[in-house]
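Numbering-wise (UniProt numbering), the sequence shown opens with residue 1 and increments by one. Note that the Cβ used here is the ideal one computed from N, Cα and C, for glycine as well.
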Amino acid sequence: MTKLFTTVFIFRRPGWDDLMIVFSLVGSIVASSLVQTSADLGLGRHTAAVASEPGGTQRMVETKILQVVGYPFNIMAYSLPNAAILILIERLVGKTKTISRRFLRVVVAIQIMLALASVIIIFVQCRPTKMLWDQSAQGECWSPHVFNYTSYVVSGFTVFTDLVLAIVPIHAFWKLQLKVQEKLEITFMLGLTFLSAIFTIIKATYLDTFNDRTDPLYNVVTLIIWGLIEQNIVIMAASVPTLRPLLRLIKDKHPMRSAVGYIKSGSGTDPKHNASISEIPLGNVQQKTEQGSEPSLETHSSSEELNGRRATPPFE
């Protein structure tokens, strides 16, 4: 929320990365709300205890429905932040078409497509679909291994995506002429995706409990908890890098005056252009590049681009 407040109300220049974060927050809030409602219905208690109570069977069905409905929102909450990170990286390094840039785009695109595939599978694995939450329904379901294996693939590639989105830009920024302290700060902020990768791995060890039928209300709780943690960690990881300019302004003697001054001067030749928070400089960057060399993600970044003078308009 701090990122969005800074971008929209202070710098008044939202970008596509901010839109991705908004959708992620909506997904996270919806998923968390459905979990809270499920807890009121009996989630977290032993299934036999809930079933023995008046209306317990109906509450069990409602709880499972909420789990199924909440799954797409959880997927949205932890998938879109990676797209936001990719957009942020591209805003910082410019718009050259390089192997590194294409590689990052392909990785994020595959991760999102795999996540979408897992959502589709969960709704088509049973005919009729109500067999997912009503054990008394008659019909056919795929083997639980189909969903489990798909989830493992999605989680594994999500971990890979998190690592790539951290390693590639960190490697690029370490080639710039920055102070060691600034490099460490940038490494910390961009490296938060390592943390989300760790939580994704932990969550993956409990994926088989989603279709548990022995004690579904109780056994699935650990998976849900780690899923909620994962989605919020990755949202924070995508938001933190753009907060560094705000922190630098806060340290200034006149933060708001500096912010206004920067907005007015950060457009370069276009006086009407207000720099996005994602386009605020990460530092006074100067880089030695050889003339005539092929531009790349590692060598294209310049002080002008990182200072927003050649930044692209929002939502372009």
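Taking the alpha helix (DSSP H) that residue i belongs to, which residues open and close that run?
i: residue 119; result: 99-124
i: residue 211; result: Note, residue 211: premise wrong, no alpha helix (DSSP H); not H, not E.
i: residue 16; result: 16-41
i: residue 230; result: 221-239
i: residue 205; result: Residue 205 -> no alpha helix (DSSP H), and no H or E assigned at all.
What does a CB cutoff of less than 7 Å around residue i pick up in its chain, not counting 5 residues either side in sequence?
i: residue 232; result: 28
i: residue 151; result: 118 and 207
i: residue 123; result: 129
i: residue 148; result: 207 and 208
i: residue 154; result: 114, 115 and 118
i: residue 142; result: 125
i: residue 183; result: 173 and 174
i: residue 240; result: 189 and 192
i: residue 63; result: 38, 41, 42, 43 and 217
i: residue 72; result: 119
Thinking residue i and residue j are a contact (beta carbons under 8 Å), I'd like their distance in whole angstroms, please.
i: residue 59; j: residue 42; result: 5 Å
i: residue 112; j: residue 79; result: 5 Å
i: residue 159; j: residue 201; result: 6 Å
i: residue 216; j: residue 47; result: 6 Å
i: residue 85; j: residue 193; result: 7 Å
i: residue 21; j: residue 238; result: 6 Å
i: residue 83; j: residue 50; result: Contact doesn't hold; Cβ gap of about 39 Å is too wide.
i: residue 178; j: residue 31; result: Rounded, the Cβ-Cβ distance is 38 Å, inconsistent with contact.
In the DSSP assignment, what are the bridge partners of residue i?
i: residue 91; result: For residue 91, which the question treats as bridged, DSSP gives no partner whatsoever.
i: residue 140; result: 127
Among residues of its own chain, excluding the 5 on either side of residue i, which ones have a beta-carbon nearer than 6 Å to its beta-carbon?
i: residue 272; result: Any answer about residue 272 is weak, because its pLDDT of 43 lies below 50 and its placement is not dependable; what the coordinates show is given next. Nothing meets the Cβ criterion.
i: residue 236; result: none
i: residue 264; result: Here residue 264 scores only 45 on pLDDT, less than 50, and its place in the model is too uncertain to base an answer on.
i: residue 312; result: The pLDDT assigned to residue 312 is 40, lower than 50, so where the model puts this residue is not dependable, and the model offers no usable value.
i: residue 132; result: 68 and 126
i: residue 134; result: 61
i: residue 196; result: 162, 233, 234 and 237
i: residue 19; result: none
i: residue 144; result: 211
i: residue 75; result: 115 and 119
i: residue 164; result: 107
i: residue 24; result: 77, 80, 81 and 235
i: residue 56; result: 50
i: residue 222; result: 206
i: residue 65; result: 133
i: residue 219; result: 209 and 212
Out of the options, which one is the CA nearest neighbour of residue i?
i: residue 199; options: 224, 180 and 56; result: 224
i: residue 44; options: 24, 54 and 67; result: 67
i: residue 87; options: 35, 169 and 157; result: 169
i: residue 189; options: 173, 177 and 99; result: 173
i: residue 205; options: 191, 171, 64 and 156; result: 156
i: residue 203; options: 230, 32, 219 and 31; result: 230
i: residue 100; options: 185, 167, 177 and 214; result: 167
Please determine whether the Cβ atom of residue i lies at a distance below 8 Å from any heavy atom of the ligand ZN.
i: residue 50; result: Absence of the ligand ZN is noted for the structure shown, with no ligands found whatsoever.
Just checking: is the beta-carbon of residue i within a distance shorter than 9 Å of some beta-carbon in chain C?
i: residue 239; result: As a matter of chain content, chain C is missing from the structure shown, which is built from one protein chain.
Cutting at 8 Å between CB atoms, please list the residues of its own chain near residue i, excluding the five before and the five after it.
i: residue 105; result: 86
i: residue 213; result: 135
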